[in-house]
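I have placed the structure first, in the form of structure tokens, so that the comments after it can refer back to it.
2 protein chains.
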Amino acid sequence: MKTVSTSKSHGGVQGVYSHASEVCACDMTFAVFVPPQAKDGPVPVLWYLSGLTCTHANVMDKGEYRRLAAELGLMVVCPDTSPRGDGVADEKDNWQFGQGAGFYVDATQEPYAKNYRMYSYVTEELPALISANFPADMSRQGIFGHSMGGHGALTVALKNPGRFKSCSAFAPIVQPSTAGWSKPALEKYLGPDSADWRAYDATLLIDDGNRFPEFLVDQGTADGFLNEGLRPWLLEEACEKAGIALSLRMQDDYDHSYNFISTFMDDHLRWHAQRLAG
Amino acid sequence: MKTVSTSKSHGGVQGVYSHASEVCACDMTFAVFVPPQAKDGPVPVLWYLSGLTCTHANVMDKGEYRRLAAELGLMVVCPDTSPRGDGVADEKDNWQFGQGAGFYVDATQEPYAKNYRMYSYVTEELPALISANFPADMSRQGIFGHSMGGHGALTVALKNPGRFKSCSAFAPIVQPSTAGWSKPALEKYLGPDSADWRAYDATLLIDDGNRFPEFLVDQGTADGFLNEGLRPWLLEEACEKAGIALSLRMQDDYDHSYNFISTFMDDHLRWHAQRLAG
Chain C
3 MKTVSTSKSH GGVQGVYSHA SEVCACDMTF AVFVPPQAKD GPVPVLWYLS GLTCTHANVM
63 DKGEYRRLAA ELGLMVVCPD TSPRGDGVAD EKDNWQFGQG AGFYVDATQE PYAKNYRMYS
123 YVTEELPALI SANFPADMSR QGIFGHSMGG HGALTVALKN PGRFKSCSAF APIVQPSTAG
183 WSKPALEKYL GPDSADWRAY DATLLIDDGN RFPEFLVDQG TADGFLNEGL RPWLLEEACE
243 KAGIALSLRM QDDYDHSYNF ISTFMDDHLR WHAQRLAG
Chain B
3 MKTVSTSKSH GGVQGVYSHA SEVCACDMTF AVFVPPQAKD GPVPVLWYLS GLTCTHANVM
63 DKGEYRRLAA ELGLMVVCPD TSPRGDGVAD EKDNWQFGQG AGFYVDATQE PYAKNYRMYS
123 YVTEELPALI SANFPADMSR QGIFGHSMGG HGALTVALKN PGRFKSCSAF APIVQPSTAG
183 WSKPALEKYL GPDSADWRAY DATLLIDDGN RFPEFLVDQG TADGFLNEGL RPWLLEEACE
243 KAGIALSLRM QDDYDHSYNF ISTFMDDHLR WHAQRLAG
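Sequence lines, in order, name chains C and B.
Count along the first sequence from 1, add 2, and you get the number used in the working numbering.
Count along the second sequence from 1, add 2, and you get the number used in the working numbering.
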């Protein structure tokens, strides 16, 4: 692991790191905020998964999580959204597929299977790296994310309920199998059989019996992707049927940007901190 | 004035606007955050002047001012740092001069005098535009900034003590006339006679009799520009001699980045809000 940069912030340290990822077969970059409480021992870890077109840097620059994470004593880890580099298959003119659009799946189709293994990356390789190199209490992990990363957070939590104590999302893609901006990606990464997509679809995972105790979801009503791409009511229906507690908050006039995310960041950090305490 | 974008944030509206500037003889872009209190009447205006290489966007993205500005009821206006465009004289390989480096002066030398009139722009043309188009209480204005913009805030306040009720700075260039990264710019904008630079140098303005009631200045001790470019002790000496109250806070291990600025943003907003109240 290489340190790209570190900078003191709110009494803690915001760092950027890179490493040669075996899982993704390329160099990967990620950001970690270590709160001041870490000098006294391991702290809980909160994973933030970003949306389409993002890298680790978007939420680091615009997410406004450091002030309260420093107060609450939360480490915040921000992975990239896909494998990167000239050797990684891509569709340069398509922002909904390829680099910047890994969808947190393990691709099975060529030429993507070699690098596009973001599910294993964020659930196995990167956690091992964090555990080995940072003062992280891996028995207390939460996960959240935005849009494609909200999809990532919900699916990762539903598939690993024993590992995560908390999960929330900002404007998540709740049913990627049937949304226009995600279905083609699932098809290219996972093949034409839609049965293979269910393992990466929050609502269908719930239909198939996966469970997580409770979710917090914020969704802006002025979000241009609400009706076609996001459709939180599908998650509401699935959770209601399954008896999963969902706090879905429709936020008047908020859009899909980091102005929306940063507005409700404090609420999400407190939600996680309460569930990661002790 | 054209609206480039608006986005709800923390109950207020973060907007970006552009206009054909007469003073700078080019199109200029700026950002304004209007807090929710503005629906009940005009609110105080806080001007943030940015540093070298920045546009209006850096502090808008990374400054983390909206949460508390929304709570305190402050409008925050963020101008660009220079004139812009293909028709504007520039030194493309020099980040300390030309576009992105207007130094908040009115240039007198060719070919800069036509466009590089950032002093008049931020003290006359843009305030008139803000007053005409936003719910701004122009009787309650404060000003702050970072680095080159800290220099801008201090000099603008010292030259307009009746207009501003508060002034603060993050890591300001306190004596640009003698610092390596600013002296060549003053020479090119204002000519070879260093007497002409004094009107744009905070410490020399104080030596020449300009006054402002009090300043808050934060400065990181790990700031790579501290000893050569910033030198806050020169401001401390000038203020002490002049009887100006200066709260200079050296912040251990903080650098020159927005991680430093955002950490102390709340303190500065509260400083201004107290002085702009009522």
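Built from N, CA and C at the ideal position, the CB exists for glycine as well.
On a predicted model such as this, the values are computed, not experimentally measured, just so you know.
Close Cβ partners of residue i (< 8 Å) along its chain, the five nearest in sequence each way excluded
i, result
"Asp255(C)", "Gly222, Thr223, Ala224"
"Phe227(C)", "Ser149, Ala173, Trp183, His258"
"Met267(C)", "Gly65, Glu66, Tyr67, Leu70"
"Val124(B)", "Trp49, Leu51, Pro81, Tyr106, Gly154, Val158"
"Trp97(B)", "Leu54, Thr55, Ala103"
"Ser133(B)", "Met140"
"Pro186(C)", "Gln98, Phe99"
Status (buried if at least 16 other CB within 10 Å, exposed otherwise) for residue i
i, result
"Asn261(B)", "buried"
"Trp66(C)", "The identity of residue 66(C) in the sequence shown is Glu, whereas the question assumes Trp. It is buried - the Cβ of Glu66(C) has at least 16 other Cβ atoms within 10 Å."
"Asp39(C)", "Going by the sequence as given, residue 39(C) is Gln instead of Asp. So Gln39(C) counts as buried."
"Ser249(C)", "exposed"
"Gly151(B)", "buried"
"Val6(C)", "exposed"
"Pro178(C)", "buried"
"Gly14(C)", "buried"
"Trp234(C)", "One point to set straight first is that residue 234(C) is Pro, not Trp, in the sequence displayed. Pro234(C) is buried by the Cβ-count criterion."
"Ala279(B)", "exposed"
"Asn229(B)", "exposed"
"Pro85(B)", "buried"
Beta-carbon spacing of residue i, residue j below 7 Å
i, j, result
"His12(B)", "Arg69(B)", "yes"
"Phe136(B)", "Ala171(B)", "no"
"Val36(B)", "Met77(B)", "yes"
"Asp102(C)", "Thr55(C)", "The displayed chain sequence assigns Gly, not Asp, to residue 102(C). Contact flag set, yes."
"Val25(C)", "Glu127(C)", "yes"
"Pro44(B)", "Asp139(B)", "yes"
"Val176(B)", "Ala204(B)", "yes"
"Gly231(C)", "Ala181(C)", "yes"
"Leu160(C)", "Leu207(C)", "yes"
Start-to-end residues for the alpha helix (DSSP H) that takes in residue i
i, result
"Ala270(C)", "The amino acid at residue 270(C) is misidentified as Ala; the sequence shows His. 260-278 is the span of the alpha helix (DSSP H), which, as asked, contains His270(C)."
"Lys185(B)", "185-192"
"Glu216(C)", "Unbroken run through Glu216(C) is the beta strand (DSSP E), 216-222; no alpha helix (DSSP H)."
"Pro129(C)", "128-135"
"Ile208(C)", "204-209"
"His153(B)", "150-161"
"Arg69(C)", "68-74"
"Ala240(C)", "234-244"
Boundaries (first-last residue) of the beta strand (DSSP E) holding residue i
i, result
"Trp49(C)", "45-51"
"Lys64(B)", "First-last for Lys64(B): 59-64, but that is the alpha helix (DSSP H), not the beta strand (DSSP E)."
"Cys169(C)", "166-172"
"Phe32(C)", "28-36"
"Tyr256(B)", "It is not in any beta strand (DSSP E) - Tyr256(B) carries neither H nor E in the DSSP assignment."
"Cys80(C)", "77-81"
"Gln16(C)", "14-23"
"Lys10(C)", "4-11"
Residues near residue i by beta carbon distance below 6 Å, same chain, minus five either side
i, result
"Gly87(C)", "Cys28"
"Lys64(C)", "Tyr260"
"Ser9(B)", "Gln16"
"Gly100(B)", "Asp92, Glu93"
"Asp220(C)", "Phe172, Arg251, Gln253, Phe266"
"Tyr202(B)", "Val107, Thr157"
"Thr57(B)", "Asp82"
Same chain, Cβ closer than 7 Å to residue i, five either side skipped, listed in chain order
i, result
"Asp210(C)", "Arg200"
"Arg277(C)", "Gly144, Lys167, Ser168"
"Leu131(C)", "Met3, His21"
"Ala247(B)", "Pro215, Glu216"
"Pro163(C)", "Arg213, Phe214"
"Ile263(B)", "Gly65, His148, Phe172"
"Arg165(B)", "Gln143"
- Message: Closer than 8 Å is the cut-off here; do at least three beta carbon pairs connect the stretch 89-108 of chain B with the stretch 119-128 of chain B?
- Response: The stretch 89-108 of chain B, when compared against the stretch 119-128 of chain B, does touch it at the 8 Å Cβ threshold.
- Message: With three or more C-beta pairs closer than 8 Å as the rule, is the stretch 229-240 of chain B touching the stretch 269-278 of chain B?
- Response: Output reads no: the stretch 229-240 of chain B does not touch the stretch 269-278 of chain B.
- Message: I want to know whether the stretch 27-43 of chain B touches the stretch 192-206 of chain C - three or more CB-CB distances under 8 Å.
- Response: no
- Query: Three or more C-beta pairs closer than 8 Å, one from the stretch 37-51 of chain B and one from the stretch 68-84 of chain B: is that the case here?
  - Reply: yes
- Touch test, the stretch 87-101 of chain B against the stretch 185-194 of chain B, Cβ-Cβ under 8 Å, three pairs minimum: yes
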